[in-house]
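Q: Okay, handing you the structure first.
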Amino acid sequence: MRAADWIVVILYFAYVIREGFRHGRKNADLNDYFRGKQSLRWWAVGLSVMATQASAITYIGTTGQAYGSGMTFIQFYFSQPVVMVVLCMTFVPFFYRANVFTAYEYLERRFDAKTRSLTSFLFLM
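In this note's numbering, the protein residues as written are 845 to 969.
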């Protein structure tokens, strides 16, 4: 990379770090951090959930999958918005009432730490 490229990269990271510190001071506890002080609109949360699933591996993997097996898998991406709405209407209120941030936290409260660790391990496998 050239000097101009490095300057852009350094400025970008400096900006991201500055904004992180600036907005991070506004969060008093984990509830503020994870739930945005519960001030986000439903559509913003839904778009955030969908964007979370769109990663670099999605873009790289789908092109390889399309090359290998055709475009039949694309139905998953067309149904994703509908499924996200259904999931957000069922699971989000449940977790909100249970006052937990993750499914693993719920499993720990409902059962024990061993169950949480086992499900986390199984998810990673």
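Each residue gets a CB set at the ideal place from its N, CA and C atoms; glycine is no exception. Since the model is a prediction, treat every value here as computed from it, not as a measurement.
Compare the Cα-Cα distances from residue 891 to each of 929, 965 and 957 and report the closest residue.
A: Taking the sequence shown and counting its residues from 1, one reaches residue 891 at position 47. Looking at the Cα atoms, 929 is the closest of the given residues.
Q: If I'm right that residue 950 touches residue 942 with Cβ under 8 Å, what's the distance once you round it to whole angstroms?
A: Residue mapping note: residue 950 aligns to position 106 of the sequence shown, counting from 1. Residue mapping note: residue 942 aligns to position 98 of the sequence shown, counting from 1. The pair is a contact, with the Cβ atoms about 6 Å apart (cut-off 8 Å).
Q: Leaving out five residues on either side along the sequence, give the residues of the same chain with a beta carbon under 8 Å from the beta carbon of residue 917.
A: On the sequence shown, position 73 is the one that residue 917 refers to. Answer for residue 917: 906, 909 and 910, listed in chain order.
Q: For residue 960, count the other beta carbons within 10 Å of its own beta carbon; 16 or more makes it buried, fewer makes it exposed. Which is it?
A: Reading the sequence shown from its first residue, position 116 is the one you call residue 960. So residue 960 counts as buried.
Q: Mapping DSSP to helix, strand and coil, what is residue 871?
A: Along the sequence shown, read from residue 1 onward, the residue named residue 871 stands at position 27. Correct three-state label for residue 871: coil.
Q: Using only the alpha-carbon positions, how far apart do residue 927 and residue 894 sit?
A: The sequence position of residue 927 within the sequence shown is 83, counting from 1. The sequence position of residue 894 within the sequence shown is 50, counting from 1. Approximately 10 Å, taken between the alpha carbons.
Q: Among 925, 940, 847 and 969, whose alpha-carbon lies nearest the alpha-carbon of residue 887?
A: For this step, residue 887 is matched to residue 43 along the sequence shown. With distances taken between Cα atoms, residue 887 lies closest to 925.
Q: Just curious, the alpha helix (DSSP H) that residue 968 is in, first and last residue?
A: Taking the first residue of the sequence shown as 1, we reach residue 968 at position 124. Element bounds for residue 968: 957-968.
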